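Here the sequence shown stands for residues 179 to 387, numbered as in my numbering.
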Amino acid sequence: MTTDTPSDDHITSAILSGSTYERVRYERHAFLRQSVPRTLTLQSALLGLLAVLLPVYGLFPQSVAGFLPATDPGTASPKVLLLGVFGGLLELLGAALLVGTALYRLRQAPLSESQAHTALDVEDFARYVGLGTGGLAILLTVCLFAVGLGGEAALSSYIATAGANPFVASGIGLPVATVSLVAFSASVAVFYAGSYLSVRLSLARQRGE
Numbered sequence: 179m180t181t182d183t184p185s186d187d188h189i190t191s192a193i194l195s196g197s198t199y200e201r202v203r204y205e206r207h208a209f210l211r212q213s214v215p216r217t218l219t220l221q222s223a224l225l226g227l228l229a230v231l232l233p234v235y236g237l238f239p240q241s242v243a244g245f246l247p248a249t250d251p252g253t254a255s256p257k258v259l260l261l262g263v264f265g266g267l268l269e270l271l272g273a274a275l276l277v278g279t280a281l282y283r284l285r286q287a288p289l290s291e292s293q294a295h296t297a298l299d300v301e302d303f304a305r306y307v308g309l310g311t312g313g314l315a316i317l318l319t320v321c322l323f324a325v326g327l328g329g330e331a332a333l334s335s336y337i338a339t340a341g342a343n344p345f346v347a348s349g350i351g352l353p354v355a356t357v358s359l360v361a362f363s364a365s366v367a368v369f370y371a372g373s374y375l376s377v378r379l380s381l382a383r384q385r386g387e
């Protein structure tokens, strides 16, 4: 009777596959070690979460209207939205770096030891920027928008605690609707990029590259 787990089997297969990249990847110690396609899928989900801000803003109760720069999400540009934009840009930066390194691996395969380390260094940076910092910024933005759903009492309580209204006008004229629609489009693009690379990288692994 064997005690090997599916994860152990996958790691053993990767190391024995002959791929320098896969061997180095599993030898490294990293908190975020998802594959590139898996990471892109997670980033797509985070961008999709950012797109939810549009319907959430539209569901705000009338009692919080006095705290908002405008009730119409097509013109409203609350300050808290800038945090979401920052997170979205980091997600796109991370996704671009991951796609770039994946294409580099496919083009340069089989990688040397130094090339594998370089590719993984870039991937690790992209994951921490995208899933780490960018993901946190997006989650905080969504949480702050959720406070608005609680009505005047919830928002007043938050303002009393934080000392500031997160929904004051940002002053840059970037509305909720625009950010949400761009985030949705980016989410779809990142998802399909991950699906495309999943197929290409799977074929490369079968060839031992």
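The beta-carbon is built from N, C-alpha and C at its ideal position, and this holds for glycine as well.
Everything numeric in this text was worked out from a predicted model, so none of it was measured.
Name the residue from the options whose alpha carbon lies nearest to the alpha carbon of residue i.
i, options, result
"G266", "Y204, A340, Q212 and V230", "V230"
"G351", "D250, L227 and A294", "D250"
"L259", "N343, S365 and Y374", "N343"
"A280", "T311, T356, L375 and V320", "L375"
"G326", "V307, R216 and P256", "P256"
"L289", "A382, Y199, L381 and R383", "Y199"
"T219", "E269, V360, V346 and D302", "E269"
"G310", "L271, R383 and F245", "L271"
"A291", "A382, R383, G278 and R203", "Note that residue 291 is Glu in the sequence shown here, rather than Ala. Nearest of A382, R383, G278 and R203 to E291, Cα basis: R203."
"I316", "S358, L276, L275 and S348", "S358"
"S380", "P215, R201 and V320", "P215"
"L314", "F264, F245, V377 and L246", "F264"
"V366", "A297, R201, L276 and G226", "G226"
Is residue i helix, strand or coil by DSSP?
i, result
"P233", "helix"
"A342", "coil"
"A297", "helix"
"A361", "helix"
"A287", "coil"
"R206", "coil"
"A355", "helix"
"T180", "Caution applies to T180, whose pLDDT of 44 falls short of 50 and renders its modelled position unreliable; the value that the coordinates give is listed next. It is coil, neither helix nor strand."
"D186", "In this predicted model, D186 has a pLDDT of only 49, less than 50, meaning its place in the structure is not dependable; the value taken from the coordinates is given anyway. DSSP places D186 in helix when its eight states are reduced to three."
"P215", "helix"
"A274", "helix"
"A382", "helix"
"F238", "coil"
"L228", "helix"
Which residue marks the beginning of the alpha helix (DSSP H) containing residue i, and which one marks its end?
i, result
"Q258", "In the sequence under discussion, the amino acid at residue 258 is Val, which differs from the Gln named in the question. Here V258 belongs to no alpha helix (DSSP H), and DSSP marks it neither H nor E."
"A324", "G313 to L327"
May I ask you to list the residues that DSSP assigns as paired with residue i?
i, result
"A347", "P256"
Consider the Cβ of residue i: report whether some Cβ of chain C lies at a distance smaller than 8 Å.
i, result
"A304", "Among the chains of the structure shown, chain C does not appear; only one protein chain is present."
Query raised in the report: With a cut-off of 8 Å, do at least 3 Cβ pairs link the region 327 to 346 to the region 230 to 241?
Result: yes
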